[in-house]
Every structure is written in structure tokens, then in C-alpha cells.
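Visitor: First to last, the sequence lines map onto chains Y and L.
Counting from 1, position 7 in the first sequence corresponds to residue 74 in our numbering; the numbering is continuous, with no gaps.
Counting from 1, position 66 in the second sequence corresponds to residue 133 in our numbering; the numbering is continuous, with no gaps.
Protein chains: 2
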Amino acid sequence: MLQYSNALDTMFQALADPGRRLMLERLCRGPASVSELGEPLKMSLSAVVQHLHVLEQSGLVKSEKVGRVRTCHVEAGALRAAEKWINERRTLWERRLDRLGAFLAETPDHEKPKE
Amino acid sequence: MLQYSNALDTMFQALADPGRRLMLERLCRGPASVSELGEPLKMSLSAVVQHLHVLEQSGLVKSEKVGRVRTCHVEAGALRAAEKWINERRTLWERRLDRLGAFLAETPDHEKPKE
């Protein structure tokens, strides 16, 4: 449970930076080298490497060095875990609102709880 | 675009803390007062208020003071925005993998790109 919680901490933390989200967006269109990742961001290579490190720590991205080139790709499973967490909470809340709406629709005005 | 980006920054930042996620989970089951929110977290009231401030800044939670009691509730629209962002990227990546799978299935072995 704690491990799962830590995974969500680092994942949401990784997503909280606009530069890292841009790197992730780029990788969702296909694997890229570190320099390809940095190009549209107008960032120093060392800044790109730092952001990449955060993305890898979070499990959202993996990279592999072949020869002198490090290639990065998205780990869709990790993205799915973050999405699932949000989706479950949102659904819970929206169901609650639906039940409340149904209750109010079925209850005569004089029996409704006061605001 | 920048405003949208800032909204995502603060939203994912708010979700990156396990205490704030627990507060959000509690609120997804229904509105709660600040002290009700803090109770299961074993946190000082001032820590709860700080976390609540981050959640409100992110747009995920709203609160309203009536008399002496501040009641908090979830803003499902904000949760939906965070979920949508992740879902769109994940779908993009998974479609890419599907197309790659289809391409490899249709391509005779001797024409496949080398690893």
C-alpha cells in the first residue's frame, strides 16, 4: 500500500512540470533520443537529463543506451495507473451526485432537506 | 495555453502528496468539514488547512464557510481535466503500439526492420 502510494507520489510529481509533460507528449508519438527530446524544449542537455531522470524514477518513461545513443520510450502501464486512480475517485463523486439528483427528483418539495 | 498548463501544474502537484490524496478520497464520498477531513489523517489542524489550501489552489476542491464551519467539496470538472490529459496521451501511445503490431503482423519476416 505504501509502495503504491509512493509510486503515485512520484508519478503525479513527474506530471506536475510543463517541460516533463512536453517530453512525455513527444514520447507518446514514438521513442526518441535524449537530444531529440530536448530540441523543441530549448533547454540545456543537462536540464533534459535531469527531467528524464524524474520521469524514469516515476516509471512513466524507460530508456536504454545502445552504443552512444540513449533512446527513451513511454511506459503506458504507469500512465494507466495514474489515470485509473483519478477515474475511480471521479466516478465515486459523480455517482454520489447522481444519487443525490435522483433523490431530489423523487422527493416532494416539502420533504426535501433544507439548504 | 499557458493558463491551461499552469492549471495542470498545480493539479498534478496537489495530487502528488499522499495526505492530500486521502483528503480528496474522503471528499469523493461526500462534503466534509475541515476537522472531519483531518481526523483520519492524524495531522495538526494547521497542516490540514495548508493541504486544503493547495487543493483549493489547484481547483480540485472548493470550500465554503457557513457560520463557524468551513465545508469542503470536490470539483469533479478539475479531476476530469487531469484524467483527460493522461487519457489522451496514453491513447495516442497505445494506438501507436497497435499500428506497429498490425504492421509487423502484415509484414513478411524478411522485410521487417532489424532490431
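Virtual Cβ for every residue (Gly too), placed ideally from N, Cα, C.
Only a predicted model underlies this, so the values are computations on that prediction, with no experimental measurement involved.
Check each candidate in Y:L164, Y:D84, Y:A169 and Y:R87 and name the one with the smallest Cα separation from L:C95.
Guide: Position 28 of the second sequence, counted from the first residue, corresponds to residue 95 of chain L. Measuring from the Cα of L:C95, the nearest candidate turns out to be Y:L164.
Visitor: Tell me, please, whether the CB atom of L:A99 is closer than 8 Å to any CB atom in chain Y?
Guide: Start at 1 with the first residue of the second sequence, and residue 99 of chain L comes out as number 32. Taking Cβ atoms only, chain Y never reaches closer than 8 Å to L:A99, which makes this a no.
Visitor: Could you tell me whether the Cβ atoms of L:V128 and L:V115 are closer together than 8 Å?
Guide: Taking the second sequence and counting its residues from 1, the one referred to as residue 128 of chain L is at position 61. Taking the second sequence and counting its residues from 1, the one referred to as residue 115 of chain L is at position 48. No; because the gap between Cβ atoms is not below 8 Å, this pair is not in contact.
Visitor: Roughly how many angstroms lie between the CA atoms of Y:A74 and Y:S125, to the nearest whole one?
Guide: To locate residue 74 of chain Y, count along the first sequence from 1; it is residue 7. To locate residue 125 of chain Y, count along the first sequence from 1; it is residue 58. Y:A74 and Y:S125: Cα-Cα distance of roughly 7 Å.
Visitor: Counting only C-beta atoms, is L:F170 closer than 8 Å to chain Y at any point?
Guide: Looking up residue 170 of chain L in the second sequence gives position 103. No, L:F170 lies away from the interface with chain Y (no Cβ there is under 8 Å from its Cβ).
Visitor: Alpha carbon to alpha carbon, what distance is there between Y:P98 and L:R166?
Guide: For the purposes of this step, residue 166 of chain L is taken as residue 99 along the second sequence, with counting starting at 1. For the purposes of this step, residue 98 of chain Y is taken as residue 31 along the first sequence, with counting starting at 1. Approximately 14 Å between the Cα atoms of the pair.
Visitor: Per DSSP, which one or two residues make a beta bridge with Y:V115?
Guide: Taking the first residue of the first sequence as position 1, residue 115 of chain Y is located at position 48. None; Y:V115 has no bridge partner.
Visitor: What number of angstroms, rounded off, separates the C-alpha of Y:M90 from the C-alpha of Y:F79?
Guide: Within the first sequence, numbered from 1, the residue matching residue 90 of chain Y stands at position 23. Within the first sequence, numbered from 1, the residue matching residue 79 of chain Y stands at position 12. Near 15 Å, if we compare the C-alpha coordinates of Y:F79 and Y:M90.
Visitor: Identify each residue in the segment 135-147 of chain L for which the Cβ-Cβ distance to at least one residue of chain Y is less than 7 Å, and report them in chain order.
Guide: Answer set for the segment 135-147 of chain L: V141, A143, L146 and R147.
Visitor: Which residues in chain Y sit within 7 Å of L:E183, going by Cβ to Cβ distance?
Guide: Missing from the structure shown is residue 183 of chain L; chain L here goes from 68 to 182 and no further.
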